[in-house]
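Q: If you scroll down you'll find the structure; I have some questions about it.
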Amino acid sequence: MTDAGPIDPNTPSTHLRDSWQPGAGYADSWGPYYAAFFPPRRVTSWVYWKRMTTGVNVVRRLWDQREALRELYESYYGPDPAHWPEQHPGVVLDAVQWVAHAACLRCAWIDRPGVSMRADGWRDEAQAQASRHQASR
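If you read the sequence shown in this note's numbering, its first letter stands for residue 19, the second for the next number, and so on.
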């Protein structure tokens, strides 16, 4: 076995840069979900790229599911949150495999850690998280 010595600090994988963040135009859509999942930090170029591609796809998929559920909720209770029976109705987002996330239909809250969908009772646990948010508002 040979010792390759210390890592060269000039290799591209050691250069860090500020992570990508969505522009202000996404503040009223999937931007807050992205911020919850991928807070700003210094990252390698590879992580920067993964966040811009896979990361965006994941949060957009969750946001799209949330929006579909919000539209369904509004079809029952109307578009004005003042007339909703719950001011912050909680839902379970399960559009991305293996982890379900509790979320709110009114504000941009999402339970970032989520619940493993491989665990028994995952839906009940995720719904309990959503209900805790709903009751706290």
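Glycine is no exception: its CB is placed at the ideal position from the N, C-alpha and C atoms.
Note that the coordinates shown come from a computational prediction; the quantities given were computed from them, not determined experimentally.
#1: Within 10 angstroms of the Cβ of Q147, are there 16 or more other Cβ atoms? Answer buried if so, exposed if not.
#2: In angstroms with no decimal places, state the Cα-to-Cα distance between P40 and R59.
#3: What does DSSP give as the partner residues of S134 in its beta bridges?
#4: DSSP beta-bridge partners for G43?
#5: Which of the three DSSP states, helix, strand or coil, is assigned to D112?
#6: What are the start and end residues of the alpha helix (DSSP H) that includes A153?
#7: Thinking just about the alpha-carbon of each residue, which of Y51, A42, V133, G73 is nearest to the one in C122?
#8: Considering only the alpha carbon of each residue, which of R124, D98, S93 lies closest to G108?
#9: Given a cut-off of 8 Å on the beta-carbon distance, is the pair L80 and L111 in contact?
#10: Would you kindly work out how many angstroms separate the C-alpha atoms of A42 and G49, rounded to a whole number?
#11: Please report how far the alpha carbon of H119 lies from the alpha carbon of R69, in whole angstroms.
#12: Do V133 and W140 have their beta-carbon atoms positioned less than 8 Å apart in this structure?
#13: Would you give the residue range spanned by the alpha helix (DSSP H) that D82 belongs to?
A: The answer reads as follows:
#1: buried
#2: Going by C-alpha positions, P40 is about 14 Å away from R59.
#3: V117
#4: Paired residues: none, contrary to the question.
#5: In this structure, D112 counts as coil in the three-state DSSP scheme.
#6: 140 to 154
#7: Measuring from the Cα of C122, the nearest candidate turns out to be Y51.
#8: Closest option to G108, Cα to Cα, is R124.
#9: yes
#10: One C-alpha to the other measures close to 8 Å.
#11: The alpha-carbon separation between H119 and R69 amounts to approximately 19 Å.
#12: yes
#13: Per DSSP, D82 belongs to the alpha helix (DSSP H) from 74 to 95.
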